[in-house]
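Residue numbers (our numbering): 30 to 307.
And the structure:
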């Protein structure tokens with residue numbers, strides 16, 4: 030489950046809650062295509078006044094655009110909305126041993142531009158950095174957009190990578206700074222780095238989880254997980270099964286958001302008819 034970056038530098042509980050609510054609206058529009066205010070309120074469980082207020086902010090920020098209503102024979106046509114795919118873009122860069130590949134996606138995750146350049150020495154950090162700037166500029170030029178339209182950049186790097194701290198321990202070392210920091214300075218965007226193999230797995234959009242609980246006592250009976258990182262995710266379920274946990278223990282266990290591991294929590298909510306993010 031992935032959100033859309035609106036403003037990663039905002040701080041404070043109020044702004045964070047507001048950003049999360051906006052993300053829920055954007056996610057609903059991305060999944061459903063075109064929705065009315067009432068439909069958005071029903072999906073998100075927000076009040077209509079709150080939806081109207083948040084939608085107006087999203088319209089002002091150009092993330093959402095109104096849709097002209099179709100002809101109706103009876104009654105007043107509802108005000109419809111859809112995601113504006115050109116409001117911002119995500120840049121994905123894959124650093125390989127012999128090449129650097131870049132893909133520019135719009136907010137509907139449609140590929141806008143693909144670019145490849147050859148690289149000769151991945152251990153030369155200055156050369157790699159120079160090529161990263163070069164390929165980014167080529168992508169911007171081919172797409173006809175400015176750098177401020179890029180909401181964020183994901184960089185896949187081979188070798189040992191700690192995405193949490195932003196360090197790449199095998200390649201791209203420079204001035205004892207975290208890799209993410211000097212990449213953000215060079216590219217002029219928010220950057221998230223990841224190991225290339227894991228990044229490919231996380232880029233997969235197909236998969237599912239099915240979790241089964243006993244209807245009488247709520248005990249966990251079994252689970253199927255198919256998709257990226259399934260072997261990592263099943264560990265929580267096997268532990269819960271070993272100690273005869275019920276759905277209550279799973280619901281009361283903290284699951285960080287956004288993460289892959291929260292699909293166990295989400296599937297448990299869904300088993301009870303109370304899904305949050307689907």
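Note that the Cβ used here is the ideal one computed from N, Cα and C, for glycine as well.
- Here residue 237 carries a strand assignment [DSSP, helix/strand/coil].
- A distance of 9 angstroms or more separates the beta carbons of residue 96 and residue 84.
- Judged by DSSP secondary structure, residue 78 falls within the alpha helix (DSSP H) whose first and last residues are 77-89.
- For residue 152, there is no enclosing alpha helix (DSSP H), as DSSP marks it with neither H nor E.
- DSSP places residue 128 in the strand class (E or B) of the three-state scheme.
- For residue 118, the number of other beta carbons within 10 angstroms of its own is at least 16, and it is reported as buried.
- Here residue 151 is actually not in contact with residue 198; their C-beta atoms are around 14 angstroms apart, not less than 8 angstroms.
- Contact between the region 212-219 and the region 260-278 is absent: fewer than 3 CB-CB pairs across the two stretches fall below 8 angstroms.
- In the structure shown, the three-state DSSP call for residue 272 is coil.
- DSSP places residue 143 outside any alpha helix (DSSP H); the residue lies instead in the beta strand (DSSP E), whose first and last residues are 140-147.
- Under DSSP, residue 160 forms no beta bridge with any residue.
- Residue environment for residue 242: buried (at least 16 other C-beta atoms within 10 angstroms of its C-beta).
- For residue 179, the enclosing beta strand (DSSP E) has its first and last residue at 179-186.
- Residue range 249-255 is occupied by the beta strand (DSSP E) that includes residue 254, with no alpha helix (DSSP H) assigned at that position.
- Residue range 208-216 is occupied by the alpha helix (DSSP H) that includes residue 216.
- For residue 118, the three-state secondary structure derived from DSSP is strand.
- A distance of 9 angstroms or more separates the beta carbons of residue 263 and residue 237.
- Residue 210 holds the alpha-carbon nearest to the alpha-carbon of residue 194 among 203, 183, 184 and 210.
- The continuous stretches of beta strand (DSSP E) do not include residue 303, and DSSP gives it neither H nor E.
- Secondary structure at residue 205: coil, using DSSP grouped into helix, strand and coil.
- DSSP, read as helix, strand or coil, puts residue 223 in strand.
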